[in-house]
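Report on the structure given below.
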Amino acid sequence: LFDLADQALASPGLSHLRQIEAEALTVTLTDQRLGRSFDFGDGRLTLDNRSDALAAELAVSLQGAGGLPGRAVVQIVSMKGANEARIVAEFNDIAAADVAAQAPLLAPLGSLDAPISGRLAATMRASGITALEGALNIGKGALQPTKAAVPVLFDRASLAMSYDAPSGQVRLSNMEVDS
181 LFDLADQALA
191 SPGLSHLRQI
201 EAEALTVTLT
211 DQRLGRSFDF
221 GDGRLTLDNR
231 SDALAAELAV
241 SLQGAGGLPG
251 RAVVQIVSMK
261 GANEARIVAE
271 FNDIAAADVA
281 AQAPLLAPLG
291 SLDAPISGRL
301 AATMRASGIT
311 ALEGALNIGK
321 GALQPTKAAV
331 PVLFDRASLA
341 MSYDAPSGQV
351 RLSNMEVDS
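Residue numbers (this note's numbering): 181 to 359.
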């Protein structure tokens with residue numbers, strides 16, 4: 181996607197553009213893989229056409245955990261001529277199930293019923309995620325791996341993690357739970 185934007189912004193008619201901004205955006209993301217849609221509002225999008233990179237930032241509000249308002253900011257930077265992008269997402273008070281739905285690496289978070297705030301940073305190529313690290317703060321909630329399992333209540337939890345693409349392993353470097 182960024183390669184296409186890079187090509188378009190290099191064309192004679194658009195090469196003079198340095199920044200594109202849009203405000204008051206409403207965005208619907210339909211994930212056909214999961215059969216779900218996510219509605220975002222109060223959005224702001226900025227696209228910077230830098231000499232060495234394309235950078236985009238999308239800030240949106242969404243319904244968070246327990247009906248509380250959540251907020252997410254996603255920044256994407258792709259160096260021109262490179263075939264990868266660095267993506268950083270910071271979010272507050274998002275339902276664990278919604279965070280879990282964003283990437284298979286995060287799927288285990290789907291067993292939580294709790295709000296999550298945090299930061300995830302990933303490097304992506306056409307082949308998929310090549311690196312990921314993150315820190316998550318999980319609010320009061322419950323762990324329930326299956327519908328038949330008795331929920332395990334907790335007051336808060338936090339974790340730090342990374343993904344090693346060659347091994348396909350997610351590594352937890354820190355995990356704390358208060359119950």
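Even glycine gets a Cβ: it sits at the ideal position worked out from N, Cα and C.
Where residue i falls, given that 16 or more other Cβ within 10 Å makes a residue buried
| i | result |
| --- | --- |
| A202 | exposed |
| L300 | buried |
| L197 | exposed |
| A287 | exposed |
| S297 | buried |
| N229 | buried |
| S258 | buried |
| P295 | buried |
| D363 | As displayed, the chain neither begins before 181 nor continues past 359, which places residue 363 out of reach and without an answer. |
| M341 | buried |
| G348 | exposed |
| D211 | exposed |
| L333 | exposed |
| G319 | buried |
Simplified DSSP assignment, three categories, for residue i
| i | result |
| --- | --- |
| G321 | strand |
| A340 | strand |
| S291 | helix |
| A329 | coil |
| A345 | coil |
| D273 | strand |
Unbroken alpha helix (DSSP H) run spanning residue i, endpoints
| i | result |
| --- | --- |
| A302 | Unbroken run through A302 is the beta strand (DSSP E), P295 to R305; no alpha helix (DSSP H). |
| A280 | A276 to A280 |
Bounding residues of the beta strand (DSSP E) (the contiguous stretch that carries residue i)
| i | result |
| --- | --- |
| L285 | Per DSSP, L285 belongs to no beta strand (DSSP E) and is neither H nor E. |
Identified DSSP bridge partners for residue i
| i | result |
| --- | --- |
| D358 | R336 |
| A315 | R299 and A340 |
| L352 | M341 |
Which runs of the beta strand (DSSP E), 3 residues or longer, sit entirely within the segment 192-268? Entirely contained in the segment 192-268, the beta strand (DSSP E) runs reaching 3 residues are, in chain order, 199-211, 216-229, 233-243 and 249-259.
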